[in-house]
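Engineer: Handing you a structure now.
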Amino acid sequence: GQVKLTAITVPTGLTLNANGTVTVAANTPKGNYEVEYSICEITNPTNCDAVKSTIVVGEAVIDAVTETTTPAINGNTGGTTATLVANDTLNGNPVVIGTAAGQVKLTAITVPIRLTLNANGTVTVAAGTPAGNYE
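Our numbering numbers the first residue of the sequence shown as 7 and each following residue consecutively.
Here you go:
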């Protein structure tokens, strides 16, 4: 009455376990993955059937939270803020800026004149920047 699973085709990032479950490795890209395996009866090993099952991997959930920097940067002398990603999360964990799997990359969309978004998540305010709130 027991059966044995044998992997035929298992995509990279997925593992077919002996108990029939599939383990999805961290940082596996979202998508539909087809796992093909055979199932054979232990007491009658020629009694087998092959099947393809679809494993759906969802995308990571990123939550970028609006920051208000404190203390204020003196526009006369300029300066650099603390990181803007301190409250941001990826799958519930604090984000890490970098290029490795599971890390995030910042891309400037709109940056006011005299401000520079740095690769580490800080913002440099140039000396001589008028006082005010900048987004």
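Positions of the beta carbon are idealized from the N, C-alpha and C atoms, including for glycine. Remember, predicted model here, so these are calculated numbers, not experimental data.
(1) DSSP on D69, reduced to helix/strand/coil?
(2) Can you tell which of G108, C46, G84, V28 has the C-alpha that lies nearest to the C-alpha of T95?
(3) Suppose contacts are defined by Cβ-Cβ distances below 7 Å. Is Y43 in contact with L20 by that definition?
(4) Using CA atoms only, rank isn't needed, just tell me which of T89, N80, G98, G134 is closest to T72.
(5) Just to confirm my understanding: we take N23, look at its own chain, exclude 5 residues before and 5 after, and list those with CB closer than 7 Å. What are they?
(6) Within its chain, find whatever has a CB closer than 8 Å to the CB of L186; leave out the 5 residues flanking it on each side and keep chain order.
(7) Quick one: residues in its chain with C-beta nearer than 7 Å to the C-beta of I48, no 5 flanking neighbours on either side, listed in chain order?
(8) Which residue spans inside the stretch 50 to 95 form an unbroken beta strand (DSSP E) run of at least 3?
(9) With a threshold of 7 Å on Cβ separation, who are the neighbours of G26 within its own chain once the five nearest residues in sequence on each side are excluded?
(10) Count the other CB atoms, across all protein chains shown, that sit within 10 Å of the CB of I14; report buried if there are 16 or more and exposed otherwise.
(11) Taking the straight line between their C-alpha atoms, what separation do you get for T113 and T18?
(12) Could you tell me the boundaries of the beta strand (DSSP E) in which K111 lies?
(13) With distance defined between alpha-carbon atoms, name the residue in I61, G84, A56 nearest to T36.
Structural biologist: Straight from the coordinates:
(1) Here residue 69 refers to the residue found at position 63 when the sequence shown is read from its first residue. Reduced to three states, the DSSP call for D69 is strand.
(2) Sequence index remark: in the sequence shown, residue 95 carries index 89 (1-based). For the residues G108, C46, G84, V28, the minimum Cα distance to T95 belongs to G108.
(3) Along the sequence shown, one-based indexing puts residue 43 at 37. Along the sequence shown, one-based indexing puts residue 20 at 14. Result no, Cβ atoms of Y43 and L20 do not sit closer than 7 Å.
(4) By one-based count along the sequence shown, residue 72 stands at place 66. For T72, the nearest C-alpha among the options comes from T89.
(5) By 1-based counting over the sequence shown, the position of residue 23 is 17. Here the set comprises T29.
(6) Because the chain here runs from 7 to 141, residue 186 falls outside it and cannot be looked at.
(7) Counted from its first residue, the sequence shown places residue 48 at position 42. So the list reads Q8, V9, K10, once near-sequence residues are dropped.
(8) 54 to 63
(9) On the sequence shown, residue 26 is found 20 positions in, with the first residue counted as 1. Around G26: L11.
(10) Along the sequence shown, read from residue 1 onward, the residue named residue 14 stands at position 8. Burial check for I14: the Cβ neighbour count within 10 Å stays below 16, so the residue is exposed.
(11) By one-based count along the sequence shown, residue 113 stands at place 107. By one-based count along the sequence shown, residue 18 stands at place 12. Rounded to whole angstroms, T113 to T18 spans 29 Å at the Cα level.
(12) Within the sequence shown, numbered from 1, the residue matching residue 111 stands at position 105. Looking at the DSSP string, K111 is not in any beta strand (DSSP E), and its letter there is neither H nor E.
(13) Counting from one through the sequence shown, the residue named residue 36 turns up at place 30. Strictly speaking, residue 36 in this sequence is Lys, with Thr absent from that position. Per the Cα distances, I61.
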